[in-house]
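Okay, so here's the structure we're looking at.
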Amino acid sequence: MTKGWFALFTVPLLVIFVTVVIIPFLMGIYYSFFDWDGIGANPMVFVGLENYTQLFSDQRFLDSAWLTVKFTILALISVNILGITFALLVTSALRTVNAARAMLFMPNLIGGLILGYIWQFIFTDAFKIIGESTGFGGVFFNWLLDPDYALYALVFVFTWQMAGYMMIIYIAGIQGISNEIIEAAKIDGASYWQKLRKITLPLLMPSITISMFLTLSFAFKIYDVNLSLTGGGPINSTELFALHIYNEIFGYGNYGFGQAKAVIFFIVVAVVTLTQVYITKKREVEM
1 MTKGWFALFT
11 VPLLVIFVTV
21 VIIPFLMGIY
31 YSFFDWDGIG
41 ANPMVFVGLE
51 NYTQLFSDQR
61 FLDSAWLTVK
71 FTILALISVN
81 ILGITFALLV
91 TSALRTVNAA
101 RAMLFMPNLI
111 GGLILGYIWQ
121 FIFTDAFKII
131 GESTGFGGVF
141 FNWLLDPDYA
151 LYALVFVFTW
161 QMAGYMMIIY
171 IAGIQGISNE
181 IIEAAKIDGA
191 SYWQKLRKIT
201 LPLLMPSITI
211 SMFLTLSFAF
221 KIYDVNLSLT
231 GGGPINSTEL
241 FALHIYNEIF
251 GYGNYGFGQA
261 KAVIFFIVVA
271 VVTLTQVYIT
281 KKREVEM
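Its first residue numbered 1, the sequence shown is counted upward by one per residue in UniProt numbering.
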């Protein structure tokens, strides 16, 4: 009877997962060995590993890879620092804790495309008005038109969206720390910063591991905000991995070449995230 119920709830999910994820993934690997424009009526020419060797001489792909790495590093730092800060703030003796948690988490509930269009309006119109009103035109201007600032605008919006989500994970970690340890540190005369550095952060490593993994994964795969906020511009200064692959396949009709890039993209994300989990796991402390 138990096995029957287990099969009832798991088999449909497995079928969906295999149909939506595994089969398209394997088909993508297969297509990466062909020169094809994605149109079924046109022939598929087998080229072997040529797509893979060619992509490393594709300057746009290399530029996109560097921009993605830069964006991910900046996002990893900003999202997790802000997430921990928010978590420490809302687990302190605030009177409006529930309201603060709701407000900080709310940006994550907004869809990426809508979020990008909202911030596009803010950078385009609101920043201009603020700059003219305050005289700080050197800071408040349309970042999206400047190739040197557009990527930072993308990091800013991504951080605004994800910090509240990571905050929830850090709150769970903080609430899991034994009060006896904190009280013992108070009795020993430890300051707030000493408790934070010697107790809270080391015991938060499981939460940090999860949050860093999710941030890395989301940052590497960012597409919707990238599309709606900057569209990869100006002059491809914010064309990150996912958007670049999409443009290669559906914009230029290089289906096989784009699939080869997608396979490399998958390998890079898998290696980076698994390495991060391995490193941070080793730093976790048993309570």
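The beta-carbon is built from N, C-alpha and C at its ideal position, and this holds for glycine as well.
DSSP places PHE257 in the helix class (H, G or I) of the three-state scheme. With fewer than 16 neighbouring CB atoms inside 10 Å of its own CB, GLY138 falls in the exposed class. PRO206 and ASN42 have their C-alpha atoms some 51 Å from each other. Remark: three or more beta-carbon pairs, one from each stretch, lie closer than 8 Å, so the region 254-270 and the region 41-60 are flagged as touching. Here GLU239 is buried: its Cβ has 16 or more other Cβ atoms, across all protein chains shown, within 10 Å. With respect to the 7 Å criterion, ILE169 and ILE210 are classified as neighbours on the basis of their beta carbons. For the set PHE34, ALA99, GLU284 and MET162, the Cα lying nearest the Cα of LEU203 is the one of GLU284. Under the three-state reduction of DSSP output, ASP148 falls in the coil class, being neither helix nor strand.
Minimum Cα-Cα distance from VAL69 among the listed residues PRO234, ALA219, LEU227 and ILE279 corresponds to ALA219. For the pair of segments examined, the region 190-198 was found not to touch the region 271-281: the number of CB pairs separated by less than 8 Å stays below three.
Pairing ALA270 with ILE245 gives a Cβ-Cβ distance that is not under 7 Å.
Put simply, of PHE213, ILE130, ASN98 and TRP143 the residue whose alpha carbon is nearest the alpha carbon of ILE279 is PHE213.
The beta carbon of ARG60 sits closer than 8 Å to those of ASN236, GLU239 and HIS244, all from its chain and outside the five residues before and after it, given in chain order. Bounds of any alpha helix (DSSP H) do not take in GLY137, whose DSSP letter is neither H nor E.
The criterion of a C-beta distance shorter than 7 Å is satisfied by PRO234 and PRO147.
Per the C-alpha coordinates, the member of TRP119, LEU82, LEU74 and PHE140 positioned closest to VAL155 is LEU74. Distance between LEU115 and VAL45, taken at the CA atoms: about 41 Å. In this structure, ILE174 lies near THR91, with their beta-carbon atoms less than 7 Å apart. When the alpha-carbon of MET103 is set against those of ALA190, GLN161, PHE141 and GLY131, the nearest one is in GLN161.
Looking at the DSSP output, PHE46 bridges to PHE34. When the alpha-carbon of VAL268 is set against those of LYS282, LEU216 and VAL225, the nearest one is in LEU216.
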